[in-house]
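Residues in the sequence shown are numbered consecutively from 1, following the UniProt record's numbering.
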Amino acid sequence: MSESGNTLTSFSGHLQLAPPDPALDEIVAIHRTHPGTLKHLRVLPDKMTVEEVRAQREKRAADNTRKDFYAFTLKDDGSRNEFIGITGIFRIDADQNNCEIGILVAPEKHGGGYGTEMLYCVMQWVFEEKNFHRATFETAVDNIPMQKWLEKTGIRLEAERKEAWRGISTGEYEDVKGYAILEWEWRDRIKANLETRIRARWGL
Numbered sequence: 001m002s003e004s005g006n007t008l009t010s011f012s013g014h015l016q017l018a019p020p021d022p023a024l025d026e027i028v029a030i031h032r033t034h035p036g037t038l039k040h041l042r043v044l045p046d047k048m049t050v051e052e053v054r055a056q057r058e059k060r061a062a063d064n065t066r067k068d069f070y071a072f073t074l075k076d077d078g079s080r081n082e083f084i085g086i087t088g089i090f091r092i093d094a095d096q097n098n099c100e101i102g103i104l105v106a107p108e109k110h111g112g113g114y115g116t117e118m119l120y121c122v123m124q125w126v127f128e129e130k131n132f133h134r135a136t137f138e139t140a141v142d143n144i145p146m147q148k149w150l151e152k153t154g155i156r157l158e159a160e161r162k163e164a165w166r167g168i169s170t171g172e173y174e175d176v177k178g179y180a181i182l183e184w185e186w187r188d189r190i191k192a193n194l195e196t197r198i199r200a201r202w203g204l
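Laid out in structure tokens, this is it:
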């Protein structure tokens, strides 16, 4: 991965993570409220205005316990192509040297291997650039595709929290599964696991 300022480019040359772009507020509103997004992220609102996205983006930018990235595919010449989702870290605990990682892949890009490359980039940044010791992931108990991805990657299931998330639209509580990865697990096996999958995806 190459890093230029706050922009991260995957070793494959096909994907880039960059700071949130105000010009994409309308597109982000559409993606965040898409039925495909809300299927397993019922903690998100089912309606969101461009003004609300702007306010949220600005609030997050001022929050030193989180760091957001927008993900883009790249053209052959290295220029930016499509917006494909959002990833980043939050709940940063500098004293304990840990954080939580989140991801939202544009619904029309599900199953294309983009989530794998997005998370590879952000985990490489977390463990190799920022030197965090531990990172966690949480997902709804019925989000089987995400659970399978985490387990296939070698990220450990640590907990199941009962009725930990409340749906904004429904008001109903749901169970959440918590996964974790340590820096030495990343270094010893998970990084290589993901690199193998990314190389296979692009024929590298």
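No residue lacks a Cβ here, since even glycine has one placed at the ideal position from N, Cα and C.
Quick caveat: nothing in here was measured; it's all calculated off a predicted structure.
Between Arg57 and the rest of its own chain, which residues show a CB-CB distance below 6 Å, the 5 nearest in sequence each way excluded? Pro20
- Query: Hey, how far is the Cα of Leu204 from the Cα of Ile86?
  - Reply: Using only the alpha carbons, I get a separation of about 25 Å.
Margin query: On the CB-based measure, 16 or more other CB atoms within 10 Å of its CB, does Pro196 come out buried or exposed?
Written below: A small fix is needed here, since residue 196 is Thr in this sequence, not Pro. With fewer than 16 other Cβ atoms within 10 Å, it is exposed.
| field | Residue from Gly111, Val50 and Ile155 whose Cα sits closest to the Cα of Asp188 | value | Ile155
Checklist line | Exposure label - Thr153; buried when at least 16 CB within 10 Å | finding: buried
- Query: So what's His40 in DSSP terms, helix, strand or just coil?
  - Reply: coil
Next item on the list: Classify Val53 as buried or exposed, calling it buried when 16 or more other Cβ atoms lie within 10 Å of its own Cβ.
Entry: buried
Exercise. With which residues is Val105 paired in a DSSP beta bridge?
Worked result: Gly85
Task: 8 Å Cβ cutoff met for Thr135 and Ile181 - done: Looking at the sequence itself, residue 135 is Ala, so the reference to Thr does not match. Yes, the Cβ-Cβ distance between Ala135 and Ile181 is below 8 Å.
Discussion item. I'd like to know whether the C-beta atoms of Gly167 and Glu174 end up nearer to each other than 8 Å.
Written reply: Yes, these two residues count as a Cβ contact at 8 Å.
Out of curiosity, what's the CA-to-CA distance linking Thr7 and Lys130?
14 Å
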